[in-house]
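Per the numbering used here, the sequence shown starts with residue 142, numbered consecutively.
For glycine and all other residues, C-beta sits at the position ideal for the given N, C-alpha and C.
Just so it is clear, the structure is predicted and the values come from calculations on it, not from any experiment.
Written out below as C-alpha cells is the structure these notes cover.
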Amino acid sequence: MSNVSWCHKDLLDTKSLSPSEITYILDTAEQFQEINTRPVKKVPTLRGKGIVLFFAEPSTRTKTSFDIAGKRLSADTFSLSASGSSLIKGESLKDTALTLQAMAPDIIVIRHSSSGAAQYLAERLDCSVVNAGDGWHAHPTQALLDAYTLRKHWQGAIRGKSLLIVGDITHSRVARSNVHLLTQLGVNIRIFAPRTLIPKGIHTWPVTLYHTLDKAVEGVDAIMCLRLQLERQQAGMLPDLTEYASYFCLTRRHLEMAASGAPLLHPGPINRGMEIASDIADAAQSRILDQVTAGVAVRMAVLFILGTRWN
Ligand code: CP
Numbered sequence: 142m143s144n145v146s147w148c149h150k151d152l153l154d155t156k157s158l159s160p161s162e163i164t165y166i167l168d169t170a171e172q173f174q175e176i177n178t179r180p181v182k183k184v185p186t187l188r189g190k191g192i193v194l195f196f197a198e199p200s201t202r203t204k205t206s207f208d209i210a211g212k213r214l215s216a217d218t219f220s221l222s223a224s225g226s227s228l229i230k231g232e233s234l235k236d237t238a239l240t241l242q243a244m245a246p247d248i249i250v251i252r253h254s255s256s257g258a259a260q261y262l263a264e265r266l267d268c269s270v271v272n273a274g275d276g277w278h279a280h281p282t283q284a285l286l287d288a289y290t291l292r293k294h295w296q297g298a299i300r301g302k303s304l305l306i307v308g309d310i311t312h313s314r315v316a317r318s319n320v321h322l323l324t325q326l327g328v329n330i331r332i333f334a335p336r337t338l339i340p341k342g343i344h345t346w347p348v349t350l351y352h353t354l355d356k357a358v359e360g361v362d363a364i365m366c367l368r369l370q371l372e373r374q375q376a377g378m379l380p381d382l383t384e385y386a387s388y389f390c391l392t393r394r395h396l397e398m399a400a401s402g403a404p405l406l407h408p409g410p411i412n413r414g415m416e417i418a419s420d421i422a423d424a425a426q427s428r429i430l431d432q433v434t435a436g437v438a439v440r441m442a443v444l445f446i447l448g449t450r451w452n
C-alpha cells in the first residue's frame, strides 16, 4: 500500500487518480476509521499543519467533516465563508487565495460555484488545494466516500458490480466524479435522468443510459439518487416538480426490483419525496448516514496524504 508513489500536489478531480491511487486512499481511510471509533479520536499526525476551509457555497457534510478530519489529525483548521470574507467587498478569487497563502497554510480546501475554481487556485498557489466541489465539475472526496461505502458493503468485491445513478446528471459534480472513479474500479454505471437533465456529451461517458426507471433499476447492485439542484436550474430544463417526482422519485417498489439487499446512496442533502421517498431514505438498505461517517475517514486520508506525502 505505501509503495504507491504519490505525485499530486492537489486533489482537484477523480480523473487524475489511477486505480492504485484510489485504492491507496481508500485503504488509508479504512485505517483512520478505526481511530474514529476510539474513545479519544485524535492522533498527532498533522500537528503543526494549517488547513484553511474556504467555502464560498453552503455545506453541512463536506465542511464539517473536513474540519473534524483535520482536528482529529491534530492540524489547525481555519474556516472562511463567502459571506464572512472580503469577496463580499469585491475582492477577486485570486487575491483572496494569495492573501490566504500569505498566512502559510499547508492545505486549502475550497468549495465554489464556478467549475474550475479549485484548479485556478491550484495553479497559482504553492500549498496543496483540495476541491470540495466546484460548480458542475467535480467533487472528488464525495466520490471517494461513495466508493468507500460501496467497497465496505460489498466486502471489497467491487469489480463487476453495477450502480444506477438517478436524477439531475447535468448539474451534478457528484455524478461526474463518481463515473470517473467507479469505472476505474470496474463498476458498471447505469444512468436514468430527465432528457433535459442529461449532459450533451453523455455518449462519451462510460455509462449505459436507460429510458425508464423500472428497466434501469432491474437487478442493479446499488442505487444512488442525486439531489435535484433547484438552485442551478435554468428555465425550461425542469418539468413541473410533481411530474418530476412521479417519474424520477425512487420508491420502495423500485428498491424491491433491484438486487437483493442493494444499498441505497444519496450524497445529501435530501429532498424527501422529490428524488427519494421518505420511507426508503430511512430503510435498512439506506447507506446515507454511512456515507456521512465515511466522509470523515476519507477526508482524514486525503489530508494525511497531502500533508505528509506532498508537503
Ligand atoms: N454531499 C455534500 O456535498 O453535502 P454538503 O453540501 O452538505 O457538503
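| Asked | Found |
| --- | --- |
| Per DSSP, Val348 is paired with what? | Ile330 |
| Alpha carbon to alpha carbon, how far is Ile163 from Asp151? Give it in angstroms, no decimals. | 14 Å |
| Decide yes or no for the touch test of the region 294-307 against the region 335-342: beta carbon pairs closer than 8 Å, at least 3 of them. | no |
| For the pair the region 434-450 and the region 267-286, tell me if three or more CB-CB distances fall below 8 Å. | yes |
| Excluding five sequence neighbours on each side, which residues of the same chain lie with their C-beta closer than 8 Å to the C-beta of Ala424? | Arg393, Leu396, Leu405 |
| Do you know offhand how far Ile166's Cα is from Val439's? | 7 Å |
| Is it the case that the Cβ atoms of Leu214 and Thr169 are separated by a distance below 7 Å? | no |
| If Val348 sits next to Ile330, beta carbons under 8 Å apart, how far is it from one beta carbon to the other, in whole angstroms? | 4 Å |
| Report the three-state DSSP secondary structure of Arg413 (helix, strand or coil). | strand |
| Any chance the CB of Thr203 is under 6 Å from a heavy atom of ligand 1? | yes |
| Between the alpha carbons of Leu322 and Lys156, how many angstroms are there, rounded? | 7 Å |
| For ligand 1, any of its heavy atoms closer than 6 Å to the Cβ of Pro347? | no |
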